[in-house]
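Asks:
Residue numbers (the working numbering): -18 to 213.
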């Protein structure tokens, strides 16, 4: 790493479980974020800040005014513009040492394997079940860790699939597609908290410290700040 990079990351390399070896591992790692909305915003910001080497962003949507209370990557002047392209500009400005690759498209059965195969880890920032099952199936076939998260209202959950000594899949958690949520109402802090936990799961996977959420599901309710972890 350059002197500039050593200085930039000094607060996290000062942690024994990361150090310069862990920072080098982060620099060599590529991560694909599917969906750069409420969850994808904190995930992308913190992984870029942490120094992930290459970051792919998949999203075919544009910024809307109703996004802005929770999708902190964007500003009012970007309403109507491509999320993937706006996010890439913001993240490149945040950390020029990270290679950011925007994919302004929807992940589909036709392109998913080609796109996912180019990255080491996939992080789920999407908001629909069909895409999650698609990510799960492709990551299972390719052997890619899949960091999953979901939010609703004041509640959220996180897990890691296709990783660990006894890998689990999203289909183990939800064998059948759940019904669509009755409401899409949410406070912005819910994806902020959950997305930050998801980003940290990526760092733990890369640097190899602590126990990841592979094989378990972490849930939190921001109203009471109660959280719990269950085995899958």
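In this text, a Cβ means the ideal position worked out from N, Cα and C, and glycines have one as well. Computed from a prediction, not measured in an experiment: that's the story for all the values here.
#1: Less than 8 Å between the beta carbons of residue 137 and residue 201, yes or no?
#2: Short of 7 Å in beta carbon distance, which residues of its chain neighbour residue 211, apart from the five on each side in sequence? Order them along the chain.
#3: To the nearest angstrom, how far is it from the Cα of residue 224 to the Cα of residue 140?
#4: Going by DSSP in three states, residue 80 sits in which element: helix, strand or coil?
#5: From the DSSP output, in three-state form, read off residue 168 for me.
#6: Is residue 172 closer than 8 Å to residue 23 when the C-beta atoms are compared?
#7: Whether or not the stretch 38 to 46 and the stretch -6 to 8 are in contact is what I'm after, with contact meaning three or more pairs of Cβ atoms, one per stretch, closer than 8 Å; do they touch?
#8: With residue 119 and residue 94 assumed to form a contact (beta carbons below 8 Å), what rounded beta-carbon distance in angstroms separates them?
#9: Could you say which of 20, 74 and 58 lies nearest to residue 30 if we only look at CA atoms?
#10: I'd like to confirm the pairing. Which residues does DSSP put opposite residue 102 in its beta bridges?
#11: According to DSSP, is residue 205 helix, strand or coil?
#12: DSSP state of residue 125, grouped into three classes?
#13: By DSSP's criteria, residue 142 is part of a beta bridge. Which residues make up the other side?
#14: What separation, rounded to the nearest whole angstrom, lies between the Cα atoms of residue 28 and residue 170?
#15: Any idea if residue 182 is buried or exposed, counting beta-carbon neighbours within 10 angstroms, 16 or more meaning buried?
#16: What's the call for residue 193, buried or exposed, on a 16-neighbour Cβ count within 10 Å?
#17: Going straight from the alpha carbon of residue 82 to that of residue 69, what length do you get?
#18: Looking at the secondary structure, which residues open and close the alpha helix (DSSP H) in which residue 95 lies?
#19: Based on the DSSP output, what are the partners of residue 37 in its beta bridges?
#20: The alpha helix (DSSP H) with residue 21 in it runs from where to where?
#21: Can you tell me which of the three DSSP states residue 210 falls into?
#22: Please go through the same chain and pick out, in chain order, the residues whose beta-carbon is closer than 6 Å to the beta-carbon of residue 89, but skip the five residues on each side of it.
#23: Name the two residues that bound the continuous alpha helix (DSSP H) containing residue 151.
#24: Is any beta-carbon of chain D found at less than 8 Å from that of residue 144?
Replies: Walking through what the data contain:
#1: Contact: yes.
#2: Excluding positions up to five away in sequence, the list reads 197 and 198.
#3: The question about residue 224 has no answer, for the chain in this structure spans -18 to 213.
#4: Residue 80 falls in the strand class under three-state DSSP.
#5: In the three-state reduction of the DSSP assignment, residue 168 falls in the coil class, being assigned neither a helical nor a strand state.
#6: Yes, these two residues count as a Cβ contact at 8 Å.
#7: No: fewer than three Cβ pairs fall under 8 Å.
#8: At roughly 5 Å, the Cβ-Cβ gap stays under 8 Å, so residue 119 and residue 94 are in contact.
#9: A check of alpha carbon separations from residue 30 across 20, 74 and 58 identifies 74 as the nearest.
#10: Paired residues: 12.
#11: DSSP places residue 205 in coil when its eight states are reduced to three.
#12: Coil at residue 125, not helix or strand.
#13: DSSP lists 127 as partners of residue 142.
#14: The C-alpha of residue 170 is placed about 18 Å away from the C-alpha of residue 28.
#15: Classification for residue 182: buried.
#16: By the 10 Å Cβ count, residue 193 comes out buried.
#17: Residue 82 and residue 69 have their C-alpha atoms roughly 7 Å apart.
#18: From DSSP, the alpha helix (DSSP H) with residue 95 extends over 93 to 97.
#19: For residue 37, which the question treats as bridged, DSSP gives the partners 13 and 82.
#20: It spans 21 to 31 - the alpha helix (DSSP H) in which residue 21 sits, taken as one unbroken run.
#21: In the structure shown, the three-state DSSP call for residue 210 is strand.
#22: If we look at residue 89 and ignore the five residues flanking it on each side, it has no Cβ neighbours.
#23: It spans 151 to 154 - the alpha helix (DSSP H) in which residue 151 sits, taken as one unbroken run.
#24: Among the protein chains of the structure shown there is no chain D, as only one such chain exists.
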